[in-house]
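Shown next, in structure tokens, is the structure this report addresses.
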Amino acid sequence: MTGASGPARVSRVIRVVTLYDDVMNVYADRGNLIALRSRAAEHGVQAEVATVSLGDAMPSEADLLLIGGGQDREQRRIAGDLAARGPRLRAWADEGVAMLAVCGGFQLFGHFYRDATGAELAGAGVFDVTTVAPGAGWPRCIGDVVATSVVPGVGEVAGFENHGGRTYLGPSARPFAMVDYGFGNNGEDGTEGAVRGEAIGTYLHGSLLPKNPALLDHLIAAALRHREGAGSEPLPPIAAPYAERAHVAAVQVARRKSRHVARSA
Amino acid sequence: MNRRLSGACFVSGGRIAAGLDARTAEVRENQAVSTLTGRTAIVPAPPNPRERLALVLGRAAGNVVRRLWHSGGTALPGLVAGALAPSLVERLARQPGHGVVTVTGTNGKTTTTHLLAAILRHAGVEPLTNPSGSNLERGLVTAYTASVDGRGALPGAAQRAGLFEVDEAALARLMPRLRPRIAVFLNLFRDQLDRYGEVDSVAEGWARALDVVEPPAVLVLNADDPSIAQLAEHARGGRVVTFGVDDDAAALAHAEHASDARFCTCGSRFVYAAIYMGHVGRWRCPSCGRARPAPEVSARRVTLREDGSTVEVAIGGESFTVDLPLAGLYSVYNALAATAAAHALGVPAAKIAEALAQAGPAFGRQERFEIAGERVRLLLAKNPAGLNEVLRLLTVAAPPLTVLAMLNDGVQDGQDVSWIYDADVEMIAGTGATVVCSGDRADDLALRFALAGVAPISVIAQTERALDAALARTPPGGRLDVIATYTAMMDVRAALARRAGVGAYWEAKR
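Protein sequence lines correspond, in order, to chains A and B.
In terms of our numbering, the first sequence opens at residue 11 and continues consecutively.
In terms of our numbering, the second sequence opens at residue 154 and continues consecutively.
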């Protein structure tokens with residue numbers, strides 16, 4: 011699993027947990043793990059990946075956790091199992107474990123997800139957000155997105171959203187980004203995703219990490235800080251030519267196709 | 154043999170020369186009696202003035218489009234005519250004496266329809282089909298406006314069958330109006346989720362349509378795809394013909410990521426004796442007892458080659474071996490589906506085998522071109538399952554591989570290009586493939602190939618220039634494989650056809 015350029019000498023390790031990657035895998039969020047392995051190798055970091063699915067025990071420690079999106083069917087399948095892991099996940103978030111929860115995974119990392127039938131799925135409560143699918147007559151939020159992240163060093167992110175649920179931030183939640191083109195959390199308040207410590211929730215597929223190398227490096231660095239402590243060496247800048255080009259292309263597509271969200275300063 | 158095959162399908166009413174059971178044997182002046190269902194199909198009365206106007210204007214629109222824009226005009230006539238007189242779909246569907254066959258599913262609709270059309274022609278029945286890829290209502294109405302006489306009657310209707318590939322999301326609405334005699338379901342994979350919403354809603358729509366269509370259609374179902382096989386629960390006493398693969402040698406060593414029916418409707422995880430692609434294989438549920446039915450039409454022995462395959466097909470107690478001129482296991486499934494549908498229509502096995510051996514590729518699906526001495530093969534891939542199968546097909550070829558990969562993000566391609574990460578592009582890492590990436594999202598595709606360890610030698614969005622670059626990299630005597638999403642396929646096919654001196658598709662004989 012090496013990337014486009016040869017891997018540097020591997021001396022650093024991060025422990026990665028993927029949650030339900032055999033269930034919450036409908037919208038190609040696997041690309042996040044593919045990009046993570048490749049980019050980590052370029053940085054001389056070995057990603058040790060543990061897959062955790064329904065009924066599996068959690069490893070005692072993790073530095074980075076990934077969960078992807080699924081349809082309502084898959085969300086119903088995992089919701090109970092995930093909610094039971096809530097206390098562990100919230101504790102991990104508070105001790106600085108890096109996380110990326112995408113779309114359906116993001117929704118279930120909130121307090122609850124009320125689906126189009128009115129049934130409510132309790133979430134893991136990592137983010138102070140709630141999600142409601144407004145149901146028939148309401149269009150899904152579908153399209154290319156460009157947003158500007160409030161997380162330092164991440165900057166502009168590009169991806170694709172496809173969700174029926176509308177997510178609203180609670181009083182203690184911070185958005186992951188502000189939407190420039192697209193819908194974001196709910197199509198109303200301009201927010202996209204949520205952040206708690208080093209945990210990020212977002213609606214963006216694309217896959218997200220392959221074509222947003224700054225975000226990818228941010229997560230790897232956060233995982234290393236969790237693993238190595240305060241003295242963790244920062245990552246040296248390494249070019250990511252294919253990723254940068256794909257990023258620019260995706261931004262151009264969103265500017266051309268998606269609705270512009272004007273922001274007051 | 155004929156008696157056994159056809160006797161299984163119908164109470165035989167009569168026969169046309171080719172040996173195909175014909176319910177038209179009992180056609181009286183304007184009435185066809187189905188010996189299968191006992192339903193009486195009334196050939197419609199002449200069109201009402203509104204319908205006649207719709208036909209005239211629809212045809213005129215098609216002529217204008219072809220003359221002015223040099224386009225195929227495969228949708229506009231139907232769009233115009235269908236909008237003016239929505240009843241045209243019913244009028245179309247009631248006329249063919251052999252009834253209507255629908256073909257739907259995520260992958261293989263066009264090729265299966267193409268193969269079944271070849272079988273029917275070989276058996277003496279002229280199918281009325283919709284133009285390639287125009288598989289919404291307007292495409293069906295276009296087929297009708299182009300085929301009927303001025304009074305809206307289909308010439309030779311008694312000896313014809315309607316054979317329509319239908320978009321998987323459009324089928325639920327069209328089925329009660331088409332009232333198909335035979336409904337073929339191929340597979341259900343994630344595809345264009347930006348357009349279809351969720352995979353489940355497609356299958357739910359099919360089930361709801363099957364629950365109300367009168368009379369119940371004969372269901373031709375892929376036994377190996379649990380989402381499809383379970384539609385048998387909606388047969389309502391109608392006949393079910395299943396098809397599948399029974400050859401462990403064709404199985405994958407590992408499950409693929411792009412698997413969309415891992416769980417039974419009862420909630421348990423399926424277990425597999427063999428996985429052939431995605432979630433397609435010999436499956437069973439360990440909890441509720443649902444299991445893959447033993448297929449009535451099965452591929453017993455499959456040998457995949459670079460440019461075709463040899464398949465031993467069993468139909469009940471009979472069997473034949475066919476050299477299929479189409480490569481890849483997915484083509485075997487398409488051939489099985491066409492075989493099962495033809496079998497359900499009463500076509501003898503020998504006729505099926507002869508027709509399959511002679512059938513060429515469908516439009517844009519494994520079509521071959523020769524350009525300045527170079528061989529080019531065009532492969533459509535528009536979702537993870539399809540791309541996996543195309544890449545697997547390439548791994549059968551002897552190196553060196555030269556590939557032009559094209560990704561567009563139009564409505565017909567899927568505007569979300571994320572899906573390329575669900576495909577196992579890693580499959581061709583280590584083959585030394587020379588790859589050129591192209592299309593509207595060439596940069597996204599290039600990144601995907603690079604992450605898979607197959608960094609492209611060039612990335613050129615523009616089709617003609619990308620084709621030049623790829624042809625220049627194709628070794629003498631080698632072959633260029635072009636993999637493209639739908640609209641990219643249309644683009645590059647036009648370029649290939651022009652360079653090879655082949656006509657545009659609407660000029661080609663169907």
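Glycine included, C-beta positions come from ideal geometry on N, C-alpha and C.
Label residue 651(B) either buried or exposed according to how many other C-beta atoms from any shown protein chain fall within 10 Å of its C-beta, with 16 as the threshold for buried.
Exposed is the call here.
Can you give the beta carbon distance from residue 46(A) to residue 226(A), rounded, assuming they're within the 8 Å contact cut?
That pair is a contact at about 7 Å.
Hey, does residue 16(A) have any beta-carbon neighbour from chain B nearer than 8 Å?
Residue placement at residue 16(A) cannot be trusted, given a pLDDT of 48 that sits under 50; what the coordinates show is reported in the next sentence. Residue contact check for residue 16(A) against chain B: no CB pair falls below 8 Å.
Check whether the Cβ atoms of residue 487(B) and residue 627(B) lie closer than 8 Å to each other.
No, the pair does not count as a contact, with Cβ atoms beyond the cut-off.
Selection from 206(A), 136(A) and 228(A) that minimises the alpha carbon distance to residue 164(A)
Comparing Cα positions, the closest option is 228(A).
In chain A, which residues lie with their C-beta within 9 Å of the C-beta of residue 416(B)?
Correct list: 33, 83, 84 and 87.
At least three beta-carbon pairs within less than 8 Å, the region 122-138 of chain A to the region 77-86 of chain A
In short, these stretches touch, since the Cβ pair count reaches three.
Chain B contact residues for residue 217(A), given Cβ-Cβ distances below 8 Å
Neighbours of residue 217(A) in chain B, taken as residues whose beta carbon is under 8 Å from its own, are 571 and 574 in chain order.
Expected contact under 8 Å - CB spacing of residue 636(B) and residue 508(B) to nearest Å:
Contact doesn't hold; Cβ gap of about 28 Å is too wide.
Cα-Cα separation, residue 336(B) to residue 393(B)
Using only the alpha carbons, I get a separation of about 10 Å.
So which of 196(A), 216(A) and 242(A) has the shortest CA-CA distance to residue 149(A)?
Residue 196(A) is the option with its Cα nearest to residue 149(A).
On a Cα-Cα basis, can you pick out the residue from 386(B), 560(B) and 482(B) that is closest to residue 259(A)?
Sorting 386(B), 560(B) and 482(B) by C-alpha distance to the C-alpha of residue 259(A) places 560(B) at the top.
The beta strand (DSSP E) spanning residue 336(B) covers which residue range?
Going by DSSP, residue 336(B) is part of the beta strand (DSSP E) stretching over 335-338.
Can you confirm whether residue 116(A), when its beta carbon is compared against all beta carbons of chain B, has any partner nearer than 8 Å?
Residue contact with chain B for residue 116(A): absent (no Cβ-Cβ distance below 8 Å to any residue of chain B).
Bounding residues of the alpha helix (DSSP H) (the contiguous stretch that carries residue 84(A)):
According to the DSSP assignment, residue 84(A) belongs to the alpha helix (DSSP H) that extends over 82-94.
Short CB-CB distance (under 8 Å) between residue 352(B) and chain A
Chain A, which has a Cβ nearer than 8 Å to the Cβ of residue 352(B), makes this yes.
Under a CB-based cut-off of 8 Å, is residue 542(B) close to chain A?
Output row for residue 542(B): interface = no.
Residue 76(A) - containing beta strand (DSSP E), residue span
The continuous beta strand (DSSP E) containing residue 76(A) extends over residues 74-77.
Chain A contact residues for residue 594(B), given Cβ-Cβ distances below 9 Å:
Result: 256, 259, 260 and 263.
Can you tell me where the alpha helix (DSSP H) with residue 119(A) in it begins and where it stops?
Note, residue 119(A): premise wrong, no alpha helix (DSSP H); not H, not E.
To which residues does DSSP link residue 151(A) through a beta bridge?
Its beta-bridge partners are 173(A).
Measuring alpha carbon to alpha carbon, tell me which of 246(A), 264(A), 201(A) and 249(A) ends up nearest residue 273(A).
Nearest option by C-alpha distance: 201(A).
Quick check on residue 599(B) - is its C-beta less than 8 Å from some C-beta in chain A?
Closer than 8 Å to some Cβ of chain A, the Cβ of residue 599(B) qualifies, so yes.
Check whether the region 450-467 of chain B touches the region 412-419 of chain B, taking contact to mean three or more Cβ pairs, one atom from each stretch, closer than 8 Å.
Too few Cβ pairs lie closer than 8 Å, so no.
Taking the alpha-carbon positions, what's the residue 59(A) to residue 25(A) distance?
Their Cα atoms are separated by approximately 6 Å.
Residue(s) in a DSSP beta bridge with residue 279(B)
Answer is 313(B).
At the level of alpha carbons, what is the spacing between residue 32(A) and residue 296(B)?
Rounded to whole angstroms, residue 32(A) and residue 296(B) show a C-alpha spacing of 43 Å.
For residue 255(A), which residues from the same chain have a beta carbon less than 7 Å from its beta carbon, with the 5 sequence-adjacent residues on both sides left out?
Counting only Cβ-Cβ distances below 7 Å, and skipping sequence neighbours, we find nothing.
Taking the C-alpha atoms as reference points, what is the distance between residue 144(A) and residue 405(B)?
Residue 144(A) and residue 405(B): Cα-Cα distance of roughly 41 Å.
Starting from residue 410(B), find everything on chain A with Cβ-Cβ shorter than 8 Å and list it in chain order.
Near residue 410(B) (Cβ distances below 8 Å), the residues of chain A are 35 and 40.
DSSP has residue 476(B) in a bridge; who is on the other side?
DSSP, once it has assigned bridges, lists 463(B) as partnering residue 476(B).
Where residue 179(B) falls: helix, strand or coil (DSSP)
Legend: pLDDT at residue 179(B) = 34, less than 50; position of this residue unreliable, value from coordinates given subsequently. Reduced to three states, the DSSP call for residue 179(B) is helix.
Could you pull the DSSP bridge partners for residue 211(A) from this structure?
Answer is 111(A) and 204(A).
Extent of the continuous alpha helix (DSSP H) to which residue 359(B) belongs
That run of the alpha helix (DSSP H) goes 352-365.
Give the residues of chain A in contact with residue 343(B), contact being defined as C-beta atoms less than 7 Å apart.
36, listed in chain order.
Which chain A residues are close to residue 562(B), counting only those with a beta carbon under 8 Å from its beta carbon?
Chain A residues near residue 562(B): 263.
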